[in-house]
Amino acid sequence: MKRLKSLLIATVLFLGANQAINAQAKTAHVDVNEIISKMPAMLDAQKQLEKLSATYDAEYKTMAQEYQAKIEKYDKEASTVGDAVNQTRQTEVQDLVKRITDYRDNAQKELQKKEADLVKPLMEKIKASIAKVGKAKGYQYVLNVADLLLADGPDLTADVKKDLGF
């Protein structure tokens with residue numbers, strides 16, 4: 001009888017501990033930066049951005065050379081032309097500086113917008129894949145490893161890459 005009582009108590013404790021373990025949320029982690037950096041579509045997007053950036057850089061350099069040439073020309077001729085011409089040239093140079101600055105600012109905005117347009121669908125695809133893999137493996141939470149101080153649990157990065165096809 002004493003053994004039966006001990007066995008019953010041990011069984012209750014075991015089942016209670018088992019339920020406590022099962023009640024804990026299952027978590028895993030994934031390295032989103034690694035996934036996106038190796039994603040073929042992201043590599044294509046980076047090439048598009050580099051090409052667009054090179055186009056903007058070439059135009060900016062052309063404008064800067066035009067500015068430099070005008071400054072040199074106007075400096076050489078400043079003493080031989082009248083004040084009215086110098087004033088007109090000064091206004092022209094200021095307008096050119098404003099045009100160059102505006103171009104640079106617009107180019108940066110356009111590049112940022114293009115990057116956001118290219119990256120947003122890729123991030124949505126990654127999030128959907130993480131959710132799919134996490135649910136299939138029975139996880140309730142999947143965290144980005146970049147936000148963790150310790151990532152000692154299951155890593156789903158390889159599974160997500162496989163699901164995405166690379």
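Each step along the sequence shown adds one to the number in UniProt numbering, with nothing skipped, and position 95 is 95. Think of the CB as a built atom: it goes at the ideal place given N, C-alpha and C, for glycine as much as any other residue. All values reported here derive from a predicted model rather than from experimental measurement.
Classification of residue i by the beta-carbon crowding that lies within 10 angstroms, buried from 16 upward
i, result
"A116", "exposed"
"A23", "For A23, the predicted structure reports a pLDDT of 48, less than 50, and the residue's modelled location is therefore unreliable. A value from the coordinates is still provided. That one is exposed."
"Y141", "exposed"
"D159", "buried"
"A25", "exposed"
"A64", "exposed"
"A58", "exposed"
Proximity below 8 Å, CB of residue i to CB of residue j
i, j, result
"V119", "D163", "no"
"A128", "H29", "no"
"L96", "K70", "yes"
"A41", "L122", "yes"
"I100", "I36", "no"
Own chain, CB closer than 8 Å to residue i, minus 5 neighbours either side, in chain order
i, result
"I21", "For I21, the predicted model reports a pLDDT of 47, less than 50, meaning its position is unreliable; a value from the coordinates is still stated below. Here the set comprises nothing."
"K114", "Q48, L49, L52"
"G153", "T27, A28, H29"
"F166", "K38, M39, P40"
"residue 173", "In the structure displayed, the chain extends from 1 to 166; residue 173 sits before or after that span and is not available."
Sequence-distant residues of the same chain with beta carbon closer than 6 Å to residue i, five excluded per side
i, result
"Y56", "A107"
"N144", "V32"
Nearest neighbour of residue i, chosen from the options [CA to CA]
i, options, result
"D31", "K161, G165, F166", "K161"
"K76", "Q65, R89, A64", "R89"
"Y67", "V93, K109, Y103, K137", "V93"
"R104", "K137, K135, K61, A136", "K61"
"A45", "K98, D83, Q112", "Q112"
Residues near residue i in its chain [Cβ-Cβ closer than 7 Å; skip 5 each side]
i, result
"E34", "T157"
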